[in-house]
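Peer 1:
Residue numbers (the UniProt record's numbering), protein chains in the order written: chain A, 1 to 185; chain B, 1 to 320; chain C, 1 to 128; chain D, 1 to 667.
As structure tokens, this is what we get:
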């Protein structure tokens, strides 16, 4: 990187960096609460915060289109589906004593080890790498549309087929249970 | 410094609009419904034509005790109205009123932004329904969530048709590209968009999730006072946003005679006309049953929206 | 902006999601944690895409694809979880042990049919 | 059409008929009869045309090669000479008669369609054997016949007897076929070709390196197929099949194949004196033994079966003294009258409701009920006994003449001892043949007693007409064949003189008359005992009052009623008087089956028991022991399979983290 020498160090952050770190901390905190809270619906709502935080990070990285997709799909649909699922499986109000399974310790150990390894490797590798976010936006709708429908058309179409298959699959799964237990609707 | 000032001024203007327009719509609804149904009640408060009815309502809401049910999840219960209301405020930022930057913030993917943020509003209903610890509320919340998910799709498709026609996702860009013949061209899309929007707002005749004769008041059963007023405000804000969006997307926004100077007036007029239609529909049509609601979305609106996309694509290819 | 910020954030998010996948008992919460992990990956993809200024924007395209796949995954996954819940009255991951290998002399349900003595009751409850 | 095309059509038509019959038999039963009779009849007509066109001219050869087959090529070769076309006519005639007869004889049979298709296939295979000029192709037909005979003999598979008989026929003939196959390969390896012409050329030039070994190996197959001692034991048991099948197997197809093969390959056998001597001894033993056994049988079909073995012995004897013309002459005439005998016996069985001679001899009017059968059977028995104007006389005289020729040392390459042996055995057999022929006729048609059951009414025309058709060659073939102006048979064959000589004629006819008179005398002597009621003969009453309607039912009840398949306790049997103490062993085929059981079956069973023990107890123990350690390990590993997905993933990810760290540190 020819700009490697020109960029400021870690001790003199730019405004974008400060915002990024702040939002990142909030996101991470929301994620941690989401995976540790004993209230199931709260977990899903904290997940909304975490996903929204990631959307903001996308905006900060000038990937605007992806940020809105993130909001539309994740916050608007995925989390709603998750909440649906939680409510249909009778998530209680208040704390569930058995929200966590028996291998919390092992999970914690593995997660901490993975985090340590990844952070170490990433920091070691990208200590002095600089992203230039001040130039032209990298993820405007025009740019994204052009690359998506010019270079990535075939994967895009394949994905549409996958979505269709998932749609059909979900319908089939739901229909089967209603046929097996007709009294339950 | 002037940049920051300008941004603050714009946001302030949006906030003012957000606070005023829904109230206007609410007042209009009172009056229009009263006239259409021949009701005398709302005609008394304040003397002339019952002009102070809305003020009286506000006072009543403010006076009421803010009750949270004992078994409810307090925080979420209290947070839900805000979650339901905020998205509409955010959306309002992106809707252009007049030419030459008369908009809260010109967002590159404005249409996309609007639809994405509006989708978040559903969380408010779900949170309210679940946190109330009331089976009617839960059912209502689930129903409204299901309804919002179903009608999101035709709405997106209809909006996509317009985006295709204009070749941009920016809302001012779309209005700029508008020509008078777009309205007949995109007529099906307009109807689909408007209908789906109505359903997203759970306005009659799509109000099964909050139908008082069915499940009390759906997700909002346990709410009283200001929090309930916020939900109502969200609904009226939703009407404003929907009508504004329909105006911008399908009716040409500020286009009209003397649009250079009076563009904002055209937008507001068109929006108001649509809002009137919304109210009119409320008093006209009977309520759809829950299964009819879902079937209507999947078997009528989505095929229609797809037809519109195909039509748009064909015409676009032909004229290019 | 330093690339290290998004990269470290992605790594930490990933680890948090990993913890959730491993430690959560409710299947829906596990699915949520998977979403977190996918988001961490997406963040990485976007960051590197912006850093490299890839003319094909492979990172962003792939992010979109991952989001789509995640949506499909959550749809199917929830359908399965709901089916499991209706059949068994529970969506606890650590009780779905039908594939467990019971010892040759283990009298406990040789077909691996149920998941404990309370299963029939809960099923009846769910059916009611 | 050219001669070749016609000749190709001859085996092809019955084959297609068989395929059609098998395909359509179940779906369209109405087509079964036309599909059975028409192709075979057409093939017969074509065979006659081929025979007329080929005549006594030089042999016709044609060959095509489908695909290269390695060092020794295999050709679809055609070889037409007098022998081939003559036997083909016989095969066509008999097969047509059998198919016609079967339409009536098996008219109530539910499996008629598959039966007739198999008969067609059988016929096609025999045509193939007769016409082919390649040893490998001949082998194909040879084996198809083996399979078909297995299915046809086991046609009544509901009965234990038929199942056992079909299995026995298959196994015994295969016992011969294995050495035969080796012999064919050895022969081809020596000659460098599978073409029969090439082999014969090699044989006449003495290029066959191991003529004795090859000859003996081939003889094993021939003995199996043509039912020569010691592999003849399947043939009497094969009587469990339907009577038309017996006629087909005995008269023209299966058993004739062996004789025909030796006739075709005679130069190979002549190359080794040992082989000829062995063949002569086998023929002699076969002739005398089978004739004695025939004299003691109670089952009418078994009598005929042993007579077939004996007549095949005659043919083998003729071959042993190096005269294949005589052998083929006897083969043809025997084919005609033996087919007639079997088909007539079928009519008799049909009418009497039993196939026991003892029972028939107690039915008063059997001869009057089936006059056609009686007359035609009489003619055929006279031919069998070699009474002068009938065809059997001429053909048997040609055999005797050839034997005498060899005995007097005039035959090249044939030791005179073999000639003498064959001559003496043949003369002795002539006496016995006449004896059992007479006995059969007297017991079947000169019975005295209660009226036979009238259950069946008249015999169907298809059956009786066929009998008279076959009676024509039985009466006339011998004489006609030897008159040069009518049908110059010697010219068709090798050209050897076939006409009877004075000495052998007088000797043969005289001996036959002696046999007839002796039997008649014995029969008269036993006349008083003939009054014994049927109850004295049978060990149990038939289960039902109704006589057996079909041959299958007769087979099923035979053993139960008469106590034994082979013999009945009939004191009025003239054979008992003539044979004396020999009667009992002769009726059981000299207990050869029991001997085989002791010599071969029991050791094999014991060996298999030993192998089973070794496998079950010894090898299995090792296997089980070897499985112990893995099972122990498995029990340990099984404990990790808790079914908890999260545990699995935890371990998996911990492993990948460790790997990642290792890679990172290593790098």
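We put the beta carbon where it would ideally sit given N, CA and C, even for glycine.
I want to know whether the region 579-595 of chain D touches the region 289-304 of chain D - three or more CB-CB distances under 8 Å.
Peer 2: Output reads yes: the region 289-304 of chain D touches the region 579-595 of chain D.
Peer 1: Chain A beta carbons: is any one of them nearer than 8 Å to that of residue 665/D?
Peer 2: No, no contact with chain A.
Peer 1: Assuming residue 512/D contacts residue 336/D under a Cβ cut-off of 8 Å, what Cβ separation, rounded to an integer in Å, is found between them?
Peer 2: Residue 512/D to residue 336/D, Cβ: 19 Å. No contact.
Peer 1: Using beta carbons (cut-off 8 Å, strictly below), is residue 676/D in contact with chain A?
Peer 2: Here chain D comprises residues numbered 1 to 667, so residue 676/D is not present and cannot be evaluated.
Peer 1: Quick one: using the 10 Å Cβ neighbour count with 16 as the cut-off for buried, is residue 3/B buried or exposed?
Peer 2: Looking at its Cβ environment, which holds fewer than 16 other Cβ atoms inside 10 Å, residue 3/B is exposed.
Peer 1: Can you have a look at residue 27/B and say buried or exposed, based on whether 16 or more other CB atoms are within 10 angstroms of its CB?
Peer 2: By the 10 Å Cβ count, residue 27/B comes out buried.
Peer 1: DSSP three-state label for residue 130/A, please.
Peer 2: Residue 130/A: strand per DSSP, three-state reduction.
Peer 1: When you check each C-beta in the region 38-68 of chain A against every C-beta of chain B, which residues fall closer than 8 Å?
Peer 2: From the region 38-68 of chain A, only 39, 41, 42, 45, 48, 64, 65, 68 have a Cβ closer than 8 Å to chain B.
Peer 1: Out of curiosity, what's the CA-to-CA distance linking residue 338/D and residue 609/D?
Peer 2: About 44 Å.
Peer 1: Taking Cβ-Cβ distances shorter than 7 Å, what residues in chain A pair up with residue 63/C?
Peer 2: The answer, in chain order, is 66.
Peer 1: For the 8 Å Cβ check, are there 3 or more pairs between the region 137-147 of chain B and the region 208-225 of chain B?
Peer 2: Enough Cβ pairs lie closer than 8 Å, so yes.
Peer 1: Quick one: which chain B residues come within Cβ less than 9 Å of residue 84/A?
Peer 2: Per Cβ cutoff of 9 Å: 126, 142, 145, 146, 149.
Peer 1: Taking C-alpha atoms, which residue in 133/D, 88/D, 95/D lies nearest to residue 674/D?
Peer 2: Beyond the ends of chain D as shown, which are 1 and 667, falls residue 674/D; an answer cannot be given.
Peer 1: Which residues in the same chain have their Cβ closer than 8 Å to the Cβ of residue 40/A, if we skip the five residues on either side of it in sequence?
Peer 2: Answer for residue 40/A: 86, 91, 92, 96, 99, listed in chain order.
Peer 1: Check residue 42/C in the structure and name its three-state DSSP category.
Peer 2: Here residue 42/C sits in helix by DSSP.
Peer 1: Can a CB atom of chain A be found closer than 8 Å to the CB of residue 130/B?
Peer 2: For residue 130/B, the answer is yes, since a Cβ of chain A falls inside 8 Å of its Cβ.
Peer 1: Could you tell me the distance, in whole angstroms, from the CA atom of residue 19/C to the CA atom of residue 97/C?
Peer 2: Roughly 21 Å separates the two Cα atoms.
Peer 1: Say whether the region 418-434 of chain D touches the region 342-349 of chain D, bearing in mind that this needs 3 or more beta-carbon pairs closer than 8 Å, one atom from each stretch.
Peer 2: As far as the Cβ criterion goes, the region 418-434 of chain D does not touch the region 342-349 of chain D, which means the pair count is below three.
Peer 1: If you drop the 5 nearest sequence neighbours on each side, which residues of the same chain put their C-beta closer than 6 Å to that of residue 18/B?
Peer 2: Result list for residue 18/B: 89, 92, in chain order.
Peer 1: Under the rule that 16 or more other beta-carbon atoms within 10 Å means buried, what is residue 9/A, buried or exposed?
Peer 2: By the neighbour-count rule (16 or more Cβ atoms within 10 Å), residue 9/A is not buried but exposed.
Peer 1: Given the structure, does residue 301/B come close to the ligand GTP, in the sense that its CB is under 7 Å from one of the ligand's heavy atoms?
Peer 2: Absent from the structure shown: the ligand GTP. Ligands present: none.
Peer 1: Residues of chain B with CB closer than 8 Å to the CB of residue 72/A, please, in chain order.
Peer 2: Correct list: 112, 115, 116, 119.
Peer 1: Give me the residue from 230/D, 65/D, 185/D with the minimum Cα distance to residue 208/D.
Peer 2: The option with the nearest alpha carbon to residue 208/D is 185/D.
Peer 1: Are there 16 or more other CB atoms within 10 angstroms of the CB of residue 578/D, so buried, or fewer, so exposed?
Peer 2: Its Cβ being crowded by 16 or more others within 10 Å, residue 578/D is buried.
Peer 1: Are the C-beta of residue 117/A and some C-beta of chain D separated by less than 8 Å?
Peer 2: At least one chain D Cβ lies under 8 Å of residue 117/A.
Peer 1: Going by the DSSP bridge assignment, what does residue 64/D pair with across the sheet?
Peer 2: Beta-bridge pairing links residue 64/D to 76/D.
Peer 1: Using a 10 Å radius around the Cβ and a threshold of 16 neighbouring Cβ atoms, would you call residue 36/B buried or exposed?
Peer 2: Looking at its Cβ environment, which holds fewer than 16 other Cβ atoms inside 10 Å, residue 36/B is exposed.
Peer 1: Does DSSP classify residue 545/D as helix, strand or coil?
Peer 2: Low confidence applies to residue 545/D: its pLDDT is 42, below 50, so where it sits in the model is not reliable enough to give any reading.
Peer 1: Mind checking if residue 110/C is an interface residue toward chain D, Cβ cutoff 8 Å exclusive?
Peer 2: Here the model assigns residue 110/C a pLDDT of 44, short of 50, so the residue's position is not dependable, and the following value carries that caveat. Not an interface residue.
Peer 1: Hey, out of 46/A, 60/A, 42/A, 15/A, whose CA is closest to residue 29/A's CA?
Peer 2: The shortest C-alpha separation from residue 29/A is found at 46/A.
Peer 1: Answer yes or no: do residue 49/C and residue 58/C have a C-beta to C-beta separation smaller than 8 Å?
Peer 2: Cβ atoms of residue 49/C and residue 58/C: closer than 8 Å.
Peer 1: Pick from 78/C, 94/C, 73/C, 100/C: whose alpha carbon is nearest that of residue 165/A?
Peer 2: Residue 73/C is the option with its Cα nearest to residue 165/A.
Peer 1: Go ahead and pull the three-state DSSP assignment for residue 42/A.
Peer 2: Residue 42/A falls in the helix class under three-state DSSP.
Peer 1: If you count every other CB in all the chains shown that lies within 10 Å of the CB of residue 44/B, and 16 or more means buried, which is it?
Peer 2: Exposed is the call here.
Peer 1: By DSSP, does residue 42/D sit in helix, in strand, or in coil?
Peer 2: Helix at residue 42/D.
Peer 1: On the criterion of 16 or more Cβ atoms from any shown chain inside 10 Å, does residue 544/D qualify as buried, or is it exposed?
Peer 2: Note that residue 544/D scores a pLDDT of 44, beneath 50, so its modelled location is shaky; the value from the coordinates is reported in the next line. Its Cβ having fewer than 16 others within 10 Å, residue 544/D is exposed.
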